[in-house]
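Novice:
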Amino acid sequence: MLPFKLFLSFVLASVFAQSLDPTLSDDVFGLIVFKAGLQDPDSKLISWSEDDDTPCYWVGVTCDPLSHRVTKVVLDGFSLSGHIGRGLLRLQFLQVLSLSSNNFTGTINPDLVRLGGLQVVDLSGNSLSGTIPDDFFRQCGSLRSVSFARNNLTGQIPDSLSSCLALSTVNFSSNQLTGELPPGLWSLRGLQYLDLSDNFLEGVVPEGIANLYDLRLINMQQNRFSGSVPADIGRCLSLKQVDFSENSLSGSLPESLQKLSACNSLRLGRNSLTGELPGWIGELKNLETLDFSSNRFFGRIPDSLGSLYSLKELNLSMNQFVGGLPDSFANCVDLMSIDVSQNRLSGHIPSWIFKMSLRSVSLSGNKLSGTLKYPSVTSMTASLGGLQVLDLSSNALSGEIPHNIGVLSGLLLLNISKNQLLGSIPSSIGELKAMQVLDLSNNRLNGPIPSEIGAAVSLLELRLENNVMTGKIPTEIKNCSSLTSLILSHNNLSGSIPAAIANLSSLQHVDLSFNNLSGSLPKELTNLSHMLSFNISHNSLEGELPLGGFFNTISPSSVSDNPSLCGSVVNRSCPSVHPKPIVLNPNSSGSSHGSSLSQRHQKIVLSISALIAIGAAALIAIGVIAVTLLNIHVQSSRSHSPAAITLSGGEDFSCSPTNDPNYGKLVMFSGDADFVAGTNALLNKDCEIGRGGFGVVYRTMLRDGRSVAIKKLTVSSLIKSQEEFEREVKKLGKIRHHNLVALEGYYWTPSLQLLIYEYIPSGSLYKHLHDVPGTNCLYWRQRFNIVLGMAKGLAHLHRANFIHYNLKSTNILIDDFGEPKVGDFGLARLLPMLDRCILSSKIQSALGYMAPEFACKTVKITEKCDVYGFGVLVLEVVTGKRPVEYMEDDVVVLCDLVRGALEDGRVEECIDGRLRGNFPADEAIPVIKLGLICASQVPSNRPDMEEVVNILELIQCPAEGQEDME
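Letter by letter, the sequence shown follows residues -17 to -1, 1 to 949 of mature numbering (1 follows the signal peptide of the UniProt record, and there is no 0).
If you want it as structure tokens, here you go:
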């Protein structure tokens, strides 16, 4: 059924068509119907009105001045969304259709090319999916230029593309296209621009490219092409830009390349090319960009490169070049960037480096020696002032940092780390006011940090670690207000940590460890809200660690080896802090445990009284009266407090039953039973880290330095009695496994129940799969280990006769070592009955993971429902897709999608595209099949988790002895 708006448009357009010139009404009608299927949040198409007789004055529309028929529709960057509807097919005289940089979805309509006069189609920068229709190019007529770049297209490039002999521009870049190049591609003799970069294309780039004698640009970057660079590519004499970087090409450079005299950009980096660089490279006189980085070239860098007078960018990094940099490079007067890092170059830094107008110089990771010398201020200030990046790290440079380093006034990055530099940091460092990164670490620098460092006001990162620097940390550092990293560890710095550091509100990483710092820590440091790491270990700091801010979760190792530092994190009481009174259960006063604590409390109060009136009998009597009044006050206030807490240090804790409904009980199965923030701050909204069907989760810290996660159960009205609750929770607390989140303790009142778990810092599997940028996605080996770890954890859980009931990726946590830990298990046992309605309401967020037997009251709920959820999780891990995804007009169920692909022989297409083929098919495909078996609709067809573990270990066997794929 048509949407009402679209139906109304059809009706209106039909009415207008009766009174308008029929040739004009086609264009108005077509565009109005097209608009009706769109969302236009910025009202860019407000001028498109069905009341108009002609669309020629509408925004984005161009008409022929004689026929008044629409010839161009250009709506680039209008923020439009929706499908590219069939209304455009009425524009019979359309020549240019450009809808780039919008949010269009759906597939490409193959009927568009039936518009016989269509010459340009640009649908780039949208969210189109599906394959490129083969029929699109079977009737391509006068099509000259087509761009589907930056979409989500899959499948192969259709063979019919080779029948569009009029094509001059083809751009399918930044999609997910697979397969080999169509065999007739080189028959498009009029082709001038070909861009297939950033896809998953593979196979050998065939010869025959010489047929494209008008070819100006070819970009095959970031694919999976193998073999060698086409031997006949040099016969494309019009080529200006060649980019085959980031593939798997091998062999040496083809001789024909030397014929590309018009070429200004040659990029072959990040392949496996080998051999020595031929001298004829210097004959490519028009080259402005030359990138041969990350290959296997060896030998000396040829002097002939100095003949490339137009060269602006040279990248020969990460090869095996030896010798020195040719002096002939001084002839490349336009050179702006040179990167020869990570080679085996030797000799001194050539003087021409500082006599040219270079912007970026990277010579790191070589064997360069000698000292640093810059020209005088008077002779070369202008050229040096333009240098922005200077990276000389990881060489064998010696001597001192030049005193006139300030002449490099335009520097954004200076990295001279990992050399053998001596002496002190010159005061002229403060003249580098544009500097953002300064790294002088891992040298032999001595003397103080100059106070002038505060004048480098643009600093984001300061690294001076692993030197022998002395003196104090200068307070002037506060002027570097944008500083995010301050790394001064492993020096001989002394004095106190300046409170001025607390003014650096952007600080994220601070490392002052292994120095001789003393004094107390400024309490103002707790205001640094962006802090991620703070290390002050191995110093002589003293006093109490501040409370609040990042200090509440700081690791004990980050403050260790400061003998006079005190506080809960270092497990050392501060002398000025009196012991904390312990609140007792008034109904357990007869127990020996309660008696001893009461005596301790009286002893503390009496000792204070004794200090006030030593030897005065009258005052002692007054003290006794005061104690009595205090006890009365405590009991009175306790009756108004719903969260008074009894502490326990172990599972064997026992206390007498209490009839006080407001009285709380905290039990820890091991370790400390007290919290840094105090019990009143346990459920602070600022500490909330997650929510689920059974409750809200908060993070806090115990006095022994451990962080824990506290789940506040939101099913209080359904919870069993205290006795049954404690019995079930203690059973859960006994379940320990490397791949299960450990339950550390609990807290009980009739109106509030808390479960205390170990804290897993790296977040959930859901976060790693769906909330992380594509470039930082999980590698295949990490994914396999996660699947195996989940299986082992569930198998252990089932052996203990526990069913999870609530498996989903948000309940799988990943620790710092990439190991999965299954959480939230067994909570259904805390409910009065395993009622399906209750369970469904509590785990409704697990849609897509729930076994079908939940919907059938006659089928018994067993461990096999966990196996089903595990199977869905396996598919989620391998594909990177959610169990259920809601499209614009469809709902896609992951199990059905993968099962259909397997039946069609397309299962490899389901594997997460972010892996870019870096996975062993002999592991990935069996894992997918195992996931589908586990997610079978029939419970008896699913294996048990012990069998799953065995199968996974067998799948892993073929990969033994091979390198992990990343």
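Note that beta-carbon positions come from the ideal geometry of N, C-alpha and C, so glycine has one too.
#1: Which one of ASP34, SER50, LEU937, SER26 has the shortest CA to CA distance from GLY43?
#2: Is the beta carbon of LYS847 closer than 7 angstroms to that of ARG925?
#3: Identify which residue in GLN159, SER340, GLN122 has its Cα closest to the Cα of LEU144.
#4: Thinking PHE808 and HIS787 are a contact (beta carbons under 8 angstroms), I'd like their distance in whole angstroms, please.
#5: Is it buried or exposed for GLY217, if we count other Cβ within 10 angstroms and need 16 for buried?
#6: Based on the DSSP output, what are the partners of ILE693 in its beta bridges?
#7: Where does ILE797 fall in DSSP's three states?
#8: Just reading off the alpha helix (DSSP H) that TRP731 is part of, what are its end residues?
#9: What is the DSSP secondary structure of PHE534, reduced to helix, strand or coil?
#10: In the DSSP assignment, find the unbroken alpha helix (DSSP H) run with VAL553 in it and report its ends.
#11: Under the rule that 16 or more other beta-carbon atoms within 10 Å means buried, what is ASN568, buried or exposed?
#12: Measure the C-alpha to C-alpha separation of THR467 and ILE797 and round it to an integer number of angstroms.
#13: Using CA atoms only, rank isn't needed, just tell me which of LEU445, THR453, VAL451 is closest to LYS461.
#14: My assumption, with CB atoms under 8 angstroms, is that SER352 sits in contact with ASP374. Please give the rounded CB distance.
#15: Could you work out which residue in LEU370, LEU394, VAL451, LEU391 is closest to GLY406 when comparing CA atoms only?
#16: Run the CB neighbour count on SER276, radius 10 Å, all protein chains shown included, and call it buried at 16 or more, exposed below.
#17: Considering only residues of the same chain and omitting the five flanking positions on each side of TYR851, which have a CB-CB separation below 6 angstroms?
#18: Could you tell me the distance, in whole angstroms, from the CA atom of LEU877 to the CA atom of LEU777?
#19: DSSP has ASP178 in a bridge; who is on the other side?
#20: Using the Cα positions of LEU370 and LEU395, report the straight-line distance between them to the nearest angstrom.
#21: Comparing alpha-carbon positions, which option in ILE332, CYS147, LEU179, TRP169 lies nearest GLN139?
#22: Counting only C-beta atoms, is ARG342 closer than 7 angstroms to chain D at any point?
#23: Which two residues bound the contiguous beta strand (DSSP E) that contains GLN303?
#24: Identify whether CYS848 lies in helix, strand or coil by the three-state DSSP scheme.
#25: Suppose you measure from the CA of ILE456 to the CA of LEU548; what does that come to, to the nearest Å?
#26: Can you list, in chain order, the residues of its chain whose CB lies under 6 angstroms from that of ILE587, leaving out five sequence neighbours each side?
#27: List the DSSP bridge partners of LEU249.
#28: What number of angstroms, rounded off, separates the C-alpha of SER488 from the C-alpha of LEU515?
#29: Which first and last residues belong to the alpha helix (DSSP H) in which ASN510 is found?
#30: Ordered along the chain, which non-local residues of its own chain (more than five positions away) have a Cβ less than 8 angstroms from that of PRO744?
#31: In the DSSP assignment, the alpha helix (DSSP H) including ALA904 goes from what residue to what residue?
#32: Should GLY389 be labelled buried (16 or more other beta-carbon atoms within 10 Å of its own) or exposed?
#33: Identify the continuous alpha helix (DSSP H) that holds PHE708 and give its terminal residues.
#34: Which residues bound the alpha helix (DSSP H) around ARG766?
#35: Excluding five sequence neighbours on each side, which residues of the same chain lie with their C-beta closer than 8 angstroms to the C-beta of ALA604?
#36: What residue range does the beta strand (DSSP E) around PHE208 cover?
Specialist: By the coordinates alone:
#1: The residue from ASP34, SER50, LEU937, SER26 with its alpha-carbon nearest to that of GLY43 is SER26.
#2: yes
#3: GLN122
#4: 5 angstroms
#5: GLY217 should be labelled buried.
#6: TYR681, ILE739
#7: strand
#8: Note, TRP731: premise wrong, no alpha helix (DSSP H); beta strand (DSSP E) at 726 to 732.
#9: Helix at PHE534.
#10: From DSSP, VAL553 is part of no alpha helix (DSSP H); its letter is neither H nor E.
#11: Here ASN568 scores only 36 on pLDDT, less than 50, and its place in the model is too uncertain to base an answer on.
#12: 27 angstroms
#13: LEU445
#14: The pair is not a contact, with the Cβ atoms about 17 angstroms apart (cut-off 8 angstroms).
#15: VAL451
#16: Answer is buried; the Cβ neighbour count reaches 16.
#17: For TYR851, the CB contacts under 6 angstroms within the same chain, skipping 5 residues up- and downstream, are ALA834, ALA918 in chain order.
#18: Those two C-alpha atoms are separated by around 22 angstroms.
#19: ASN154, ASN202
#20: 8 angstroms
#21: Measuring from the Cα of GLN139, the nearest candidate turns out to be LEU179.
#22: The structure shown contains no chain D, having only a single protein chain.
#23: 303 to 306
#24: helix
#25: So the two alpha carbons sit approximately 20 angstroms from each other.
#26: Summary for ILE587: the model assigns pLDDT 37, below 50, so the residue's position carries little reliability, and this model does not support an answer.
#27: VAL225, LEU273
#28: 12 angstroms
#29: Looking at the DSSP string, ASN510 is not in any alpha helix (DSSP H), and its letter there is neither H nor E.
#30: SER690, ASP798, ASP799
#31: 904 to 917
#32: buried
#33: 705 to 717
#34: 763 to 782
#35: Because the pLDDT of ALA604 is 45, which lies under 50, any placement of that residue in the model is unreliable, and the question is left without a value.
#36: 207 to 209
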